[in-house]
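In terms of our numbering, the sequence shown is residues 186 to 276. Glycine included, every Cβ here is placed at the ideal spot set by N, Cα and C. In this text the structure is predicted, and so the values were computed from the model without any measurement. See structure below.
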Amino acid sequence: AYQLMRETGLGIAENDFLDLMSATASGEKLRTKLAGKIVLRVKARGEAYYVNPENYSVTYMPNGDAAYKIMREQSLGISNQNLSQIIDLSK
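See below:
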């Protein structure tokens with residue numbers, strides 16, 4: 186889980202992170218844009234946060250165990266057949 190956070194997380198500037206955590210319209214817009222993503226606070230030792238796509242809440246993930254728990258609770262299942270249809274765009 187920790188490796189997944191580091192590989193798929195998006196770095197976020199501190200001013201954008203503060204905006205993300207605010208109750209302002211721009212914070213709501215940013216949470217909508219980042220829904221379903223893991224963001225990493227670059228200036229805060231890479232702290233990881235998950236933006237829930239269902240309610241746009243932001244959850245701190247202090248370690249790999251916490252990240253794994255969030256993934257298990259909030260992820261969707263996929264069949265092997267559908268998984269094999271995903272194209273790896275990173276290659």
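Just reading off the alpha helix (DSSP H) that residue i is part of, what are its end residues?
i      : result
Ile263 : It is not in any alpha helix (DSSP H) - Ile263 carries neither H nor E in the DSSP assignment.
Report the three-state DSSP secondary structure of residue i (helix, strand or coil).
i      : result
Ile255 : helix
Gly249 : helix
Leu219 : coil
Gly194 : coil
Near residue i, which residues of its chain fall below 6 Å by C-beta distance, leaving aside the five closest residues on each side in sequence?
i      : result
Val243 : Tyr234 and Val236
Can you list, in chain order, the residues of its chain with a C-beta nearer than 8 Å to that of residue i? Leave out the 5 residues immediately preceding and following it.
i      : result
Glu199 : Arg226, Val227, Lys228 and Ala229
Met206 : Gly212 and Val243
Ala220 : Val236, Asn237, Pro238 and Tyr241
Between the beta-carbon of residue i and the beta-carbon of residue j, is there less than 8 Å?
i      : j      : result
Thr209 : Tyr241 : no
In angstroms with no decimal places, state the Cα-to-Cα distance between residue i and residue j.
i      : j      : result
Ile151 : Gln270 : There is simply no residue 151 to check, as the chain begins at 186 and stops at 276 in what is shown.
Ala184 : Tyr245 : Nothing can be reported for residue 184, as the shown portion of the chain is limited to 186 through 276.
Ile255 : Gln266 : 25 Å
Lys214 : Ile197 : 15 Å
Pro247 : Leu261 : 22 Å
Just reading off the beta strand (DSSP E) that residue i is part of, what are its end residues?
i      : result
Glu232 : Glu232 to Val236
Quick one: residues in its chain with C-beta nearer than 7 Å to the C-beta of residue i, no 5 flanking neighbours on either side, listed in chain order?
i      : result
Gly194 : Ile223, Val224, Leu225 and Ala233
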